[in-house]
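In order, the protein sequence lines correspond to chains A, B, C, D, E and F. The first sequence begins at 0 in numbering that gives the first Met the number 0 and counts up by one. The second sequence begins at 0 in numbering that gives the first Met the number 0 and counts up by one. The third sequence begins at 0 in numbering that gives the first Met the number 0 and counts up by one. The fourth sequence begins at 0 in numbering that gives the first Met the number 0 and counts up by one. The fifth sequence begins at 0 in numbering that gives the first Met the number 0 and counts up by one. The sixth sequence begins at 0 in numbering that gives the first Met the number 0 and counts up by one.
Protein chains: 6
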Amino acid sequence: MTDHPISRFPVPALADLPADIRARILAVQEKSGFIPNVFLALAHRPDEFRAFFAYHDALMEKQGGLSKADREMIVVATSGANHCQYCVVAHGAILRIRAKNPLIADQVAVNYRKADLDGRQRAMLDFAMKVALEAHTVGDADFAALAPHGFSAEDAWDIAAIAAFFGMSNRLANVASLRPNDEFYMLGRG
Amino acid sequence: MTDHPISRFPVPALADLPADIRARILAVQEKSGFIPNVFLALAHRPDEFRAFFAYHDALMEKQGGLSKADREMIVVATSGANHCQYCVVAHGAILRIRAKNPLIADQVAVNYRKADLDGRQRAMLDFAMKVALEAHTVGDADFAALAPHGFSAEDAWDIAAIAAFFGMSNRLANVASLRPNDEFYMLGRG
Amino acid sequence: MTDHPISRFPVPALADLPADIRARILAVQEKSGFIPNVFLALAHRPDEFRAFFAYHDALMEKQGGLSKADREMIVVATSGANHCQYCVVAHGAILRIRAKNPLIADQVAVNYRKADLDGRQRAMLDFAMKVALEAHTVGDADFAALAPHGFSAEDAWDIAAIAAFFGMSNRLANVASLRPNDEFYMLGRG
Amino acid sequence: MTDHPISRFPVPALADLPADIRARILAVQEKSGFIPNVFLALAHRPDEFRAFFAYHDALMEKQGGLSKADREMIVVATSGANHCQYCVVAHGAILRIRAKNPLIADQVAVNYRKADLDGRQRAMLDFAMKVALEAHTVGDADFAALAPHGFSAEDAWDIAAIAAFFGMSNRLANVASLRPNDEFYMLGRG
Amino acid sequence: MTDHPISRFPVPALADLPADIRARILAVQEKSGFIPNVFLALAHRPDEFRAFFAYHDALMEKQGGLSKADREMIVVATSGANHCQYCVVAHGAILRIRAKNPLIADQVAVNYRKADLDGRQRAMLDFAMKVALEAHTVGDADFAALAPHGFSAEDAWDIAAIAAFFGMSNRLANVASLRPNDEFYMLGRG
Amino acid sequence: MTDHPISRFPVPALADLPADIRARILAVQEKSGFIPNVFLALAHRPDEFRAFFAYHDALMEKQGGLSKADREMIVVATSGANHCQYCVVAHGAILRIRAKNPLIADQVAVNYRKADLDGRQRAMLDFAMKVALEAHTVGDADFAALAPHGFSAEDAWDIAAIAAFFGMSNRLANVASLRPNDEFYMLGRG
Chain A
0 MTDHPISRFP VPALADLPAD IRARILAVQE KSGFIPNVFL ALAHRPDEFR
50 AFFAYHDALM EKQGGLSKAD REMIVVATSG ANHCQYCVVA HGAILRIRAK
100 NPLIADQVAV NYRKADLDGR QRAMLDFAMK VALEAHTVGD ADFAALAPHG
150 FSAEDAWDIA AIAAFFGMSN RLANVASLRP NDEFYMLGRG
Chain B
0 MTDHPISRFP VPALADLPAD IRARILAVQE KSGFIPNVFL ALAHRPDEFR
50 AFFAYHDALM EKQGGLSKAD REMIVVATSG ANHCQYCVVA HGAILRIRAK
100 NPLIADQVAV NYRKADLDGR QRAMLDFAMK VALEAHTVGD ADFAALAPHG
150 FSAEDAWDIA AIAAFFGMSN RLANVASLRP NDEFYMLGRG
Chain C
0 MTDHPISRFP VPALADLPAD IRARILAVQE KSGFIPNVFL ALAHRPDEFR
50 AFFAYHDALM EKQGGLSKAD REMIVVATSG ANHCQYCVVA HGAILRIRAK
100 NPLIADQVAV NYRKADLDGR QRAMLDFAMK VALEAHTVGD ADFAALAPHG
150 FSAEDAWDIA AIAAFFGMSN RLANVASLRP NDEFYMLGRG
Chain D
0 MTDHPISRFP VPALADLPAD IRARILAVQE KSGFIPNVFL ALAHRPDEFR
50 AFFAYHDALM EKQGGLSKAD REMIVVATSG ANHCQYCVVA HGAILRIRAK
100 NPLIADQVAV NYRKADLDGR QRAMLDFAMK VALEAHTVGD ADFAALAPHG
150 FSAEDAWDIA AIAAFFGMSN RLANVASLRP NDEFYMLGRG
Chain E
0 MTDHPISRFP VPALADLPAD IRARILAVQE KSGFIPNVFL ALAHRPDEFR
50 AFFAYHDALM EKQGGLSKAD REMIVVATSG ANHCQYCVVA HGAILRIRAK
100 NPLIADQVAV NYRKADLDGR QRAMLDFAMK VALEAHTVGD ADFAALAPHG
150 FSAEDAWDIA AIAAFFGMSN RLANVASLRP NDEFYMLGRG
Chain F
0 MTDHPISRFP VPALADLPAD IRARILAVQE KSGFIPNVFL ALAHRPDEFR
50 AFFAYHDALM EKQGGLSKAD REMIVVATSG ANHCQYCVVA HGAILRIRAK
100 NPLIADQVAV NYRKADLDGR QRAMLDFAMK VALEAHTVGD ADFAALAPHG
150 FSAEDAWDIA AIAAFFGMSN RLANVASLRP NDEFYMLGRG
């Protein structure tokens with residue numbers, strides 16, 4: 000077996016990065032103990048880096064009807080459907096931590112229909128997967144199926160936007176052959 | 000027939016928007032003569048609005064091996080594949096203008112393989128469509144197929160990022176049932 | 000960009016055609032102001048030309064529960080699903096004229112679920128698309144879904160036959176790389 | 000088990016049919032010993048009946064590079080792919096007779112890649128199946144793959160037109176739940 | 000046309016086989032009058048042969064809510080969906096015999112929705128086809144749809160296990176290009 | 000979140016099992032420290048249990064050109080494609096142990112094209128995935144693609160048979176909602 004590099008594209012040195020991007024990366028490193036490769040790979044394009052993480056934060060650090068674990072669960076399920084190794088491994092780790100459940104990420108990544116979910120989570124992922132895989136058919140019935148579980152229209156936007164944003168991220172990661180950091184595999188399994 | 004509203008979600012009044020967002024929208028209105036509905040629909044979420052258009056500009060107004068017409072052509076072809084009415088109609092108009100060709104958008108939206116394209120454009124869209132529809136299978140052979148047409152690795156990133164970003168946009172527009180402005184249909188057909 | 004020819008196959012001169020075919024073509028030219036390319040391309044095979052247009056007229060000029068606009072709407076929606084550039088562009092023009100609606104064809108071609116349709120038209124296109132894409136699964140439930148909108152069994156036959164006939168036409172046009180006449184793009188947009 | 004009727008739609012009595020249609024049906028009955036149900040089902044719509052069989056004859060009784068067995072083989076393979084019970088059973092019988100081979104129809108209907116075919120027949124069916132299943136991607140390479148086997152451009156038209164015409168027929172038969180006559184099952188197996 | 004061999008892999012001589020395998024094959028030959036090719040092809044791997052037929056017998060010769068004809072019907076329908084020529088031809092013959100119906104196998108192989116089935120058989124095949132084609136989505140609703148027709152949970156296991164086992168068999172037969180014996184084509188048609 | 004039971008079907012008590020099955024299960028328990036749930040779930044059907052594990056052992060404990068890690072890698076890749084949670088989690092653990100690589104299972108399960116594989120392993124999985132997903136199109140070219148990597152025809156059989164056998168297992172596990180033991184998630188990650 001041969002280890003793939005972080006990305007098919009050039010990966011800049013931290014020292015060469017614009018100050019704001021370097022600062023964000025160092026902050027992540029300090030918090031996590033390592034630099035997730037998506038930061039290094041996207042830093043090759045500073046303007047896209049800034050927009051990507053601004054969008055990411057707007058969706059993932061927002062208040063609302065979805066918990067942080069809910070949001071990560073959407074990422075893992077849709078990234079599995081899009082066969083994105085980086086996102087499943089990296090966000091699988093975050094999901095385990097957020098949900099305080101060492102099993103849930105591997106379950107959801109392979110087949111959320113067979114995972115340890117309650118009815119609300121199942122409905123959330125049904126909606127997210129439809130956005131990921133056939134958004135052009137989403138309609139009134141899909142919104143109606145969310146309502147009995149307490150999801151508002153704003154929550155539906157959140158679910159859809161997370162599925163759509165990570166659909167973009169999944170495509171970028173697959174094109175770049177973005178490599179998940181080794182550290183992610185064990186996080187949250189303790 | 001009954002006209003659909005602009006969006007399934009609430010559309011804010013201009014007067015209620017944060018100043019920076021209102022300014023951007025008024026600038027677009029001044030330039031185009033009308034406000035494309037995507038601005039109004041996304042303004043419902045100011046943070047997402049800012050990130051979306053920052054990302055959009057980073058990809059679509061960038062210098063590089065792709066012309067502005069090339070970039071719009073990628074948007075139209077992939078939005079057709081994703082069945083996104085808003086993006087096909089709105090970016091079809093921009094493509095007609097950028098390419099100074101009143102026919103090309105309708106051709107590319109339905110079947111780019113039968114459109115009036117040269118070999119370079121065909122290779123560009125083959126790559127973009129693979130990113131849109133099965134990015135997990137993109138590999139060395141796909142990059143190799145771009146090279147003989149003069150596309151650099153940076154150009155390949157651009158093609159992929161545009162296809163991925165509008166894949167997100169297509170999903171959001173389909174979930175919101177975003178309505179294309181009537182004005183787009185005739186633009187660039189003269 | 001390079002313009003494609005009318006057809007991948009030989010296109011006969013009008014003077015060389017059998018009298019009945021030439022007469023039909025000249026009649027169309029007189030009425031429309033130009034000769035739609037499908038007439039010229041199919042004239043390469045006179046017997047097939049005669050059968051094709053006899054079938055076409057039997058379905059499209061028939062009396063019944065479907066208006067002429069309804070019939071063209073079926074053609075545009077299913078031709079979009081079959082990625083047939085000629086049929087979307089040519090019948091899109093006719094649909095705009097028949098429906099007296101300059102927007103409807105572009106909407107229906109990309110995603111009829113997001114078009115300005117009433118419930119009756121939506122049910123009609125749901126049925127037509129199922130015939131186009133998975134006719135082997137059509138059954139009682141599909142006929143039952145048409146009835147509340149006033150469609151009779153004969154109307155169901157009409158919808159199905161139009162979807163099936165243009166499914167043939169779409170395949171022929173794609174194999175021949177049939178080029179839509181430039182004139183179609185602007186018709187009915189005024 | 001319960002026998003399905005001939006068609007979901009009304010089936011006219013012979014005595015009620017226009018003279019030309021009755022004459023054609025009686026001629027088929029005299030030659031075959033029974034009336035294939037497709038004649039009775041389509042007679043419900045005399046104009047469509049006439050156009051359908053005119054088209055059928057133009058494609059199936061034409062001279063050219065394809066033998067009658069070749070033509071029936073295309074029908075059986077593509078009708079299998081379209082899950083059309085009537086066409087597989089009825090044209091399977093005709094194929095057995097035309098090819099003087101009692102096994103070939105059942106082989107081709109299930110998986111032509113594993114049937115007793117030579118290279119020329121395999122190339123013919125590869126082309127026909129692409130027309131049936133994804134005609135929008137047919138291009139130069141597909142025509143080039145036919146040439147080494149002696150297929151002319153006119154032969155390619157024939158293959159494509161037969162696949163397209165029976166694609167229509169398959170859809171009509173599936174919508175009507177057209178029942179194959181019991182007689183077909185044993186024909187040509189002797 | 001050229002006849003394919005029995006299998007792409009070596010086919011052992013009866014004399015070279017382990018005694019238990021030879022005995023089973025001779026017993027089949029005595030009962031059927033010929034040796035079905037699947038026995039010869041799998042005998043290339045004695046341990047797999049033994050496990051395969053032990054599994055086969057456990058599923059197909061079991062008592063329970065499914066008749067022998069029901070079991071063969073599941074095999075034919077799912078093997079048609081998997082495009083397995085050997086299994087459709089061989090088990091089609093057995094189905095005709097078990098069901099005492101010379102038409103049913105050809106009907107079910109092409110499109111079970113249009114076959115001469117009662118509601119119970121239709122529900123059984125709906126379930127079996129879902130297992131064959133998208134088992135990861137099978138859930139409570141699918142079991143609930145079986146119950147009104149008198150199928151127990153044990154019957155559901157049987158249906159699923161037969162569909163799954165022959166899904167394996169279909170894949171092996173397609174990889175080996177396993178040839179159906181000529182004798183099967185006519186069995187049960189009398 | 001709510002934990003799913005081991006299986007949708009009854010799970011027998013060890014004491015109630017036939018002696019040979021109980022012995023096998025106890026042996027596994029002694030070796031592994033726990034009883035993998037697939038043993039308990041399949042013990043509900045003793046004859047199927049015996050045939051299943053006889054087949055399993057014939058394929059997975061065989062000598063030949065494939066290492067034990069190779070065989071597990073095929074299981075994980077194809078089980079991921081079939082969305083089988085049990086097989087991905089359980090055989091992912093075994094793959095980590097056999098390959099002495101704590102990362103490889105998660106990589107292969109999501110997208111083997113982006114995993115740390117050499118050319119030989121990639122070719123092996125290309126073949127296995129084609130068997131899992133479209134075995135009816137496997138042909139000479141697929142065998143030819145294996146040969147340069149040193150795979151013999153017998154190795155090809157092994158790859159295909161493992162993909163086919165676990166395709167059956169994946170379907171059974173999905174129908175039974177078979178739950179992976181908690182122990183598997185951490186095995187081989189150390």
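Beta carbons: idealized from backbone N, C-alpha and C, even for Gly.
In the three-state scheme derived from DSSP, where H, G and I count as helix and E and B as strand, Ile34/E is classed as coil. The residue among Leu132/A, Asp56/A, Ala18/A, Ala155/A with its C-alpha nearest the C-alpha of Ala42/A is Ala18/A. In the displayed model, Lys129/B falls within a helix according to three-state DSSP. Within chain C, the residues whose beta carbon sits less than 8 Å from that of Phe164/D are Met167, listed in sequence order. Non-local beta-carbon contacts of Arg95/B in its own chain, meaning distances under 6 Å to residues more than five positions away in sequence, involve Pro101, Ala104, Gly187 in chain order.
The alpha-carbon of His90/B is positioned some 20 Å away from that of Arg49/B. Contact between the segment 170-181 of chain D and the segment 118-127 of chain F is absent, with fewer than three C-beta pairs closer than 8 Å. Close to His43/D, with beta-carbon spacing below 7 Å, lies no residue of chain B; the smallest spacing is near 32 Å.
Residue contact check for Gly138/D against chain B: a CB pair falls below 8 Å. Listed along chain A is no residue with a C-beta nearer than 8 Å to that of His82/E; the closest approach is about 25 Å.
Its Cα nearest to that of Ala131/E, the residue Asn169/F stands out among Asn169/F, Trp156/F, Asp56/F. Secondary structure of Phe8/E (DSSP, three-state): coil. Identification of chain B residues near Ala108/C by a Cβ-Cβ cut-off of 8 Å yields Ala108, Val109, ordered along the chain. Per DSSP, the continuous alpha helix (DSSP H) segment holding Pro45/F begins and ends at 45-59.
Of Phe8/F, Ile20/F, Glu133/F, Ala175/F, the smallest CA-CA separation from Leu171/E is found for Glu133/F. Shown here, Ser78/F sits in a helix according to DSSP, grouped into three states. Contact of Gly64/E with chain D is not assigned, every C-beta pair being separated by 8 Å or more.
Contact annotation: Tyr54/E and Glu60/F have beta-carbon atoms that are not nearer than 8 Å. At a Cβ-Cβ threshold of 8 Å, Leu39/C and Ile5/C count as neighbours. In this structure, the beta-carbon distance from Leu65/D to Asp157/D falls below 8 Å. Per DSSP, reduced to three states, the secondary structure at Arg188/F is coil, with no helix or strand assignment.
Collapsing the DSSP output to three states places Asn180/B in coil. With respect to the 8 Å criterion, Ala160/F and Leu58/F are classified as neighbours on the basis of their beta carbons.
Identification of chain E residues near Ala152/F by a Cβ-Cβ cut-off of 9 Å yields Arg7, Phe8, Pro9, ordered along the chain. Glu29/B and Val10/B have their C-alpha atoms some 20 Å from each other. Membership of Gly91/F in the alpha helix (DSSP H) is indicated by the continuous run 84-98.
If you draw a 10 Å sphere on the C-beta of Thr136/F, you find fewer than 16 other C-beta atoms in it, and that means exposed. Nearest to Phe8/B by C-alpha distance, out of Arg23/B, Ala162/B, Arg44/B, is Arg44/B. Here DSSP, grouped into helix, strand and coil, assigns Asp139/B to helix. Under a criterion of Cβ atoms nearer than 7 Å, the residues of chain F adjacent to Asn173/E are, in order, Ala134, His135, Val137. Check the Cα spacing between Thr77/C and each of Ala162/C, Ala144/C, Phe183/C: the tightest is with Ala162/C. Between Asp56/D and the set Gly189/D, His3/D, Phe165/D, the nearest pair of CA atoms involves Phe165/D. Neighbours of Arg170/E in chain F, taken as residues whose beta carbon is under 8 Å from its own, are Val130, Ala131, Ala134, Ala159, Ala162, Ala163, Gly166 in chain order.
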